[in-house]
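Colleague: Can you read through this structure? Questions will come right after.
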Amino acid sequence: MRALFSSSSSPSLFSLPARNPLLFLLLLRRIPSPSTPPPPPPLPPLPTPLLARSLHALAPPPSAPPPSRILQSDPNPGPASEVDNGDDGDDPMDEFLSRFVWAIRGKLADAFPGLPRETLDGMLLVICQKVVARLDGGSPASADGDSPLDLSEDLWRTIWEVSNSVHEAMRRDRVRAELKQYLHCDEVKEMCRFAADVGIRGPFLRELRFKWARGKLDEVEFYRGLDRMREQGQKREQEGGEEKGAPPMVTALPQRKGKIKYKIYGLDLSDPKWAEVAEKVAEAEKHFVPEEPQPIEGKCKKVEEKILALNAKRDDPAPLLAEWAEHLGPKRVDWLALLDRIKERNLNLYFKIAELLLDEESFETAIRDYSKLIDLHSKADRLEDAERILQKMTEKGIDPDILTSITLVHMYSKAGNLDRAKEAFERLRKEGFQPDLKLYNSMIMAYVKSGLPKQGEMLMREMEVKDIKPTKELYMELLRAFAARGQVDGAQRIMNTMQFSGIQPTLESFTLLIEAYGQAGDPDQARGHFDQMVKSGHKPDDRCTASMITAYAKKNLLDKALDLLLTLEKDRFKPGVLTNTVLADWLGRLQLVEEAEQLVKQIKETGEEAPFEIHIGLCDMYARAKQEEKLRKSMKILEGRKQMLKADQFERVISGLLAGGFVQDAKRMHGLMQARGFAPSESVRVALMAAQSIPRPRPASRKRG
């Protein structure tokens, strides 16, 4: 490019006015006076050529920086430090001029669309000569010495705008090219691998990669700036630009002497012990930083598809698991990933394979695998499977830890196994674990299901001592357990404790308390709580009224029961299914067959199914009334639902059959009772023996009404 601007090309330039003088009169003007025109704005410095060492593959900064990167107070550069100014140094200038010519040619073509190409080339030659003279550091007078022509201010302004845009484009291209190299440097790749290991993916990882590459480039630019400052200082000294005796001006960072000390919040992190700490942290991270499972491809993927298609009940997954392990060579993270995929498809198959993997060496079985599998079995109500896993765990010499014991307490409490739940609960206490609300709740429910609400109440008092507030649901479960057994003292204590805790009595709590007094045979106390409930603003429902009628039925106080019903009818209360069931059973005991049948008819008219208990009362009533045809219908219903009968209900039916003379039917019901595992009471056993030893004549069937 510079050859184009040599003096040999001047004749062609000076022949241009002869060919087209009007064009030069428009574009160029004569210098009117010897005065020098104002200098144009300075052009940004072109990028200097790189040093002999390659900055693109810059290694991390050394511990002791070389003295060549800084300027001492008395610099003495040697000949080796001089920058080579050979032919390679013209490459940036050539690129700049080629870009500049291409850019300014378009502007000239737009300004003078009718000019021929030769004229444009001549104009470009004049402009480039002026620009080169300025870039070489010459004064405006020296730049104008070769030609008596000068450019106008508007043209100079356009030239500098184009020059700046060309320089900016060259800078962007250089940064882009260098950035591509740093994107693939070892340091950036290492950071990207670490980011991928911790779970960073997609656009975020790409953004971080560009950010790290840019940081590496900034580091290189910093050292380039130091080198440029050093070269400028050496050049000034060689030219003798600095005044003698003037103190040298330091234009770079001073050389650091000694070790760097880093103190953060009073800790001296430059101590060698922190290097050991960093190594220990790196070793510890290997244990809790999740590893990435291996990709499943080829034959291994086909085997996995066969595993997922297995039937958990009839197929054995062991051969396919061995084949899968042979192809992949899995670690623990690979087995866990396989289990997750199986769990999403088939839960039963997951249970089977997870149990097989407990004996797999590469799975690296830990106690948490046992406890997790036991917990999943307990939540799925698979008690036998959970106990089998627990047995395997103990056979291998692994004692249940705290988490496993907590799981066992919840599991056995849900299953109603009080002894095993107590064993796990006491193990937790021996290990010093403080039970929380959920653990106390499970243990209290185990006592309630086993019919021991008193022990459950003791645990609740222990909770209160430890400032663990029981929930309303827990109070209600204890109250329900006391009420079902007629333990009025316990029910009343729970009721009072609820009120002291700020829990206001509800309709259900009053109903349970009335049931407790009814079971205990104290209708007066039950009526007192019934009236208190009404005063509290609770309107009695069908269940509460039935509980109150049951309390009166225990003492056969029919007049008080009828008085209660009449009082409630004034408040527009209509007896429901439960109340009519209790009344029908009561009237059946009194042998008021027609009245009892009328109540049963009212229950059927409501469209609801009659409760099972009403058939027990009807069977007893028809047996004592010796109505065999209706008795057979009731007996058929009871025998079809024999699994629902309790011990006291069996005895009532047997007693009614014996009282009516249906001895064979009574013996058959006695056999069903023994088959259910219930032992008859002494009175029923004696009555059966007496009926067999003294046979009675079979009663003739008769209808009433």
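Those letters in the sequence shown? Residues 1 to 705, by the UniProt record's numbering.
Cβ coordinates follow ideal geometry from the N, Cα and C atoms, glycine included.
The structure displayed is predicted, hence computed values, not measured ones.
Tell me the rounded alpha-carbon separation between residue 536 and residue 496.
Modeller: 16 Å
Colleague: Which ranges would you report for the alpha helix (DSSP H) in the region 153-201 if only whole runs of at least 4 residues count?
Modeller: 153-183, 186-197
Colleague: So is residue 353 buried or exposed if we call it buried at 16+ other beta carbons inside 10 Å?
Modeller: buried
Colleague: Return the Cβ separation of residue 720 and residue 634 in integer angstroms, given the expectation that the two are a contact with Cβ distance under 8 Å.
Modeller: Outside the displayed range of the chain (1 to 705) lies residue 720, so it cannot be described from this structure.
Colleague: Rounded to a whole number of angstroms, what is the C-alpha to C-alpha distance between residue 343 and residue 601?
Modeller: So the two alpha carbons sit approximately 54 Å from each other.
Colleague: Since residue 706 and residue 545 should fall inside the 8 Å C-beta cutoff, what is the C-beta to C-beta distance between them, to a whole number of angstroms?
Modeller: Nothing can be reported for residue 706, as the shown portion of the chain is limited to 1 through 705.
Colleague: Does DSSP put residue 150 in a helix, in a strand, or in coil?
Modeller: strand
Colleague: How would you write the range of the alpha helix (DSSP H) that residue 541 sits in, first residue to last?
Modeller: Premise fails: residue 541 is in no alpha helix (DSSP H) and is neither H nor E.
Colleague: Can you check whether the CB of residue 103 is closer than 8 Å to the CB of residue 152?
Modeller: No; because the gap between Cβ atoms is not below 8 Å, this pair is not in contact.
Colleague: What's the call for residue 193, buried or exposed, on a 16-neighbour Cβ count within 10 Å?
Modeller: exposed
Colleague: List, from N- to C-terminal side, the alpha helix (DSSP H) runs of 4 residues or more that fit wholly inside the region 257-298.
Modeller: 273-288, all fully within the region 257-298.
Colleague: Can you give the Cα-Cα distance for residue 36 and residue 132, rounded to whole angstroms?
Modeller: Per-residue confidence for residue 36 stands at a pLDDT of 36, beneath the threshold of 50, marking its modelled position as unreliable; no derived number is given.
Colleague: Would the beta-carbon of residue 650 fall within 8 Å of that of residue 621?
Modeller: no
Colleague: In the DSSP assignment, find the unbroken alpha helix (DSSP H) run with residue 584 in it and report its ends.
Modeller: Residues 577-589.
Colleague: Rounded to the nearest angstrom, how far is the Cβ of residue 676 from that of residue 656, given a contact under 8 Å?
Modeller: Contact between residue 676 and residue 656 fails: their C-beta atoms lie close to 18 Å from each other, not under 8 Å.
Colleague: Looking at the unbroken alpha helix (DSSP H) that takes in residue 442, where does it start and where does it end?
Modeller: 437-449
Colleague: Kindly provide the ranges of any alpha helix (DSSP H) runs that are 4 or more residues long and lie completely inside the UniProt repeat "PPR" (506-540), ordered along the chain.
Modeller: 507-519, 523-535
Colleague: On the CB-based measure, 16 or more other CB atoms within 10 Å of its CB, does residue 477 come out buried or exposed?
Modeller: Buried: at least 16 other Cβ atoms inside 10 Å.
Colleague: Taking just the CA atoms, how far does residue 173 sit from residue 160?
Modeller: 20 Å
Colleague: Do residue 526 and residue 491 have their C-beta atoms within less than 8 Å of each other?
Modeller: Going by C-beta atoms, residue 526 is not nearer than 8 Å to residue 491.
Colleague: Buried or exposed for residue 199, going by 16 or more other Cβ atoms inside 10 Å?
Modeller: exposed
Colleague: Determine the closest residue to residue 442 out of 345, 414, 570, 227, with distance taken between C-alpha atoms.
Modeller: 414
Colleague: Helix, strand or coil: which one does DSSP assign to residue 608?
Modeller: coil
Colleague: My guess is that residue 481 and residue 448 are in contact by the Cβ rule of under 8 Å, so how many angstroms apart are they, rounded?
Modeller: 5 Å
Colleague: Under a three-way DSSP split, which group does residue 371 fall into?
Modeller: helix
Colleague: Taking Cβ positions, are residue 507 and residue 541 nearer each other than 8 Å?
Modeller: yes
Colleague: Quick one: grab the DSSP three-state call for residue 453.
Modeller: helix
Colleague: Can you name the start and end residues of the alpha helix (DSSP H) that residue 482 belongs to?
Modeller: Note, residue 482: alpha helix (DSSP H), 472-484.
Colleague: Just to check my reading of the structure: residue 389 and residue 360 have Cβ atoms closer than 8 Å, yes? What is that Cβ distance to the nearest angstrom?
Modeller: For a cut-off of 8 Å, the C-beta gap from residue 389 to residue 360 is around 15 Å, too long to register as a contact.
Colleague: Rank 366, 412, 418, 381 by C-alpha distance to the C-alpha of residue 401 and give the top, closest one.
Modeller: 366
Colleague: Distance, Cα to Cα, residue 271 vs residue 214?
Modeller: When rounded, the separation of the alpha-carbon atoms in residue 271 and residue 214 is 31 Å.
Colleague: From this set, 485, 504, 467, 452, which residue's C-alpha is nearest residue 473's C-alpha?
Modeller: Cα-wise, what sits closest to residue 473 is 504.
Colleague: So residue 307 and residue 320 are supposed to be a Cβ contact under 8 Å. How far apart are they, rounded?
Modeller: With 8 Å as the limit, residue 307 and residue 320 qualify as a contact, their Cβ atoms being about 5 Å apart.
Colleague: Please work out which residues of its chain come closer than 8 Å, Cβ to Cβ, to residue 494, disregarding the five sequence neighbours upstream and downstream, and give them in chain order.
Modeller: 457, 475, 478, 479, 482
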